[in-house]
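Asks:
Numbering (our numbering), first residue to last: 12 to 250.
The following block contains the structure:
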């Protein structure tokens, strides 16, 4: 019989470009953790439709102009403020010993805003600034593990239009209405640049960012196989 496990709280974030399959994998991970006796909480970021994501939602609808007009620093603050608002709940869960699963976290801010920079020095300056903003100024909890689902953007663009998750569809409708894609999702070239930033993060911070290569030999791995690879990383953290 599985023991009821209430140990030290852990924060695990799933990352990746839009359409990479995070929602599906988080559902499977929740099921596996609970089956093994862990107490699990889940948070979906950004918090679309909620007051804390007001500026995020307006930005993604294009109300402030293009991605380039808004720029990385302002956009980063929009997303960071939403995370700050939710950080109090996350801290509470962690203090109570829950395994907290996050669909996106600071890694998304690093990747999506870091994709603005061609100059490595400017990009590093931004990354350091963002770490300071979120971890030191806003004091949001640091993830114990960031899992990056790596899928080429040309593949994810097809998957975005095939989303069947009712909750995901409902959430998107809260800020996009009938539109199927937001500012980021529409831009395939930008998505691929974001993907490259994620890969850079796994090289720069290998102890925190773990990559799952979901596309191998010109085909997408099965959902079950991807889950198995994710569970290997999570199990190593919890053991």
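Beta carbons: idealized from backbone N, C-alpha and C, even for Gly.
Apply the 10 Å Cβ neighbour rule to residue 69 and answer buried if 16 or more other Cβ atoms are within range, or exposed otherwise.
Replies: For the purposes of this step, residue 69 is taken as the residue at position 58 of the chain shown. Under this definition residue 69 is an exposed residue.
Asks: For residue 84, count neighbouring C-beta atoms within 10 Å of its own C-beta (all shown protein chains included) and say buried if the count is 16 or more, exposed if not.
Replies: Working through the chain shown from its first residue, we reach residue 84 at position 73. Per the 10 Å Cβ criterion, exposed.
Asks: In three-state terms, what does DSSP make of residue 52?
Replies: Position 41 of the chain shown, counting from 1, holds the residue named residue 52. Strand at residue 52.
Asks: Comparing alpha-carbon positions, which option in 245, 96, 239 lies nearest residue 219?
Replies: The residue given as residue 219 occupies position 208 in the chain shown. That would be 245, whose Cα lies nearest to the Cα of residue 219.
Asks: With DSSP collapsed to three states, give me the class of residue 216.
Replies: Start at 1 with the first residue of the chain shown, and residue 216 comes out as number 205. Of the three classes helix, strand and coil, the one that applies to residue 216 here is coil, per DSSP.
Asks: Applying the 10 Å Cβ sphere with the 16-neighbour rule, what's the burial state of residue 99?
Replies: On the chain shown, residue 99 is found 88 positions in, with the first residue counted as 1. That one is exposed.
Asks: With DSSP collapsed to three states, give me the class of residue 107.
Replies: In the chain shown, counting from the first residue as 1, residue 107 sits at position 96. Coil at residue 107, not helix or strand.
Asks: Have a look at residue 145 and residue 91 and give me their C-alpha separation to the nearest angstrom.
Replies: The residue given as residue 145 occupies position 134 in the chain shown. The residue given as residue 91 occupies position 80 in the chain shown. The C-alpha of residue 145 lies about 6 angstroms from the C-alpha of residue 91.
Asks: Within 10 Å of its beta-carbon, does residue 29 have 16 or more other beta-carbons around it, so buried, or fewer, so exposed?
Replies: Working through the chain shown from its first residue, we reach residue 29 at position 18. Residue 29 sits buried, since 16 or more C-beta atoms from the chains shown fall within 10 Å of its C-beta.
Asks: Taking all protein chains shown into account, do 16 or more other C-beta atoms lie within 10 angstroms of the C-beta of residue 104, making it buried, or fewer, making it exposed?
Replies: As a position in the chain shown, residue 104 is number 93, starting the count at 1. Answer is buried; the Cβ neighbour count reaches 16.
Asks: In whole angstroms, give me the CA-to-CA distance for residue 126 and residue 56.
Replies: The residue labelled residue 126 in the question sits at position 115 within the chain shown. The residue labelled residue 56 in the question sits at position 45 within the chain shown. Separation of residue 126 and residue 56 (C-alpha to C-alpha, rounded to the nearest whole angstrom) is 19 angstroms.
Asks: Are the CB atoms of residue 118 and residue 157 nearer to each other than 9 angstroms?
Replies: Mapped onto the chain shown, residue 118 falls at position 107. Mapped onto the chain shown, residue 157 falls at position 146. For residue 118 and residue 157, yes; Cβs fall inside 9 angstroms.
Asks: Could you tell me whether any Cβ in chain C is nearer than 9 angstroms to the Cβ of residue 163?
Replies: Annotation note: the requested chain C is absent from the structure, which comprises a single protein chain.
Asks: Compare the beta carbon distance of residue 114 and residue 169 with 9 angstroms and say whether it is the shorter of the two.
Replies: As a position in the chain shown, residue 114 is number 103, starting the count at 1. As a position in the chain shown, residue 169 is number 158, starting the count at 1. Cβ distance not < 9 angstroms, so residue 114 and residue 169 don't count as in contact.
Asks: Between 161, 116, 47, 123, which has its C-alpha nearest residue 227's C-alpha?
Replies: Against the chain shown, residue 227 aligns to sequence position 216. Among 161, 116, 47, 123, the Cα nearest to that of residue 227 is on 161.
Asks: Does residue 83 come out as helix, strand or coil in the three-state DSSP assignment?
Replies: As a first step, residue 83 is located in the chain shown; it is residue number 72 there, counting from the start. The answer is helix: DSSP assigns residue 83 an H, G or I state.
Asks: Would the beta-carbon of residue 44 fall within 9 angstroms of that of residue 110?
Replies: Against the chain shown, residue 44 aligns to sequence position 33. Against the chain shown, residue 110 aligns to sequence position 99. Yes, the pair counts as a contact, with Cβ atoms nearer than the cut-off.
Asks: Go ahead and pull the three-state DSSP assignment for residue 139.
Replies: In the chain shown, counting from the first residue as 1, residue 139 sits at position 128. Reduced to three states, the DSSP call for residue 139 is helix.
Asks: Buried or exposed: residue 6, going by 16 or more other Cβ atoms within 10 Å of its Cβ?
Replies: Missing from the structure shown is residue 6; the chain here goes from 12 to 250 and no further.
Asks: If you draw a straight line from the C-alpha of residue 22 to the C-alpha of residue 60, how long is it?
Replies: Locating residue 22 in the chain shown gives position 11, where the first residue counts as 1. Locating residue 60 in the chain shown gives position 49, where the first residue counts as 1. Each residue's Cα considered, the two are about 24 angstroms apart.
Asks: Going by alpha carbons, who is nearest to residue 49 out of 108, 152, 131, 133?
Replies: Counted from its first residue, the chain shown places residue 49 at position 38. The option with the nearest alpha carbon to residue 49 is 108.
Asks: Out of 54, 75, 248, which has the shortest C-alpha to C-alpha gap to residue 95?
Replies: For the purposes of this step, residue 95 is taken as the residue at position 84 of the chain shown. Residue 95 has its Cα closest to that of 54, out of 54, 75, 248.
Asks: Per DSSP, what kind of secondary structure is residue 253 in: helix, strand or coil?
Replies: Look at the range of the chain in this structure, 12 to 250, and you will see that residue 253 is not part of it.
Asks: From residue 73 to residue 18, what distance separates their C-alpha atoms?
Replies: Taking the first residue of the chain shown as 1, we reach residue 73 at position 62. Taking the first residue of the chain shown as 1, we reach residue 18 at position 7. Cα to Cα, the separation comes out at about 43 angstroms.
Asks: Kindly give me the distance between the Cβ atoms of residue 152 and residue 102, rounded to whole angstroms, as I take these residues to be in contact under 8 angstroms.
Replies: As a working note, residue 152 is residue 141 in the chain shown. As a working note, residue 102 is residue 91 in the chain shown. Indeed, because the Cβ distance is near 6 angstroms, the residues count as touching under 8 angstroms.
Asks: Can you tell me where the beta strand (DSSP E) with residue 245 in it begins and where it stops?
Replies: Within the chain shown, the letter at position 234 stands for residue 245. No beta strand (DSSP E) contains residue 245, which is instead part of the alpha helix (DSSP H) from 234-249.
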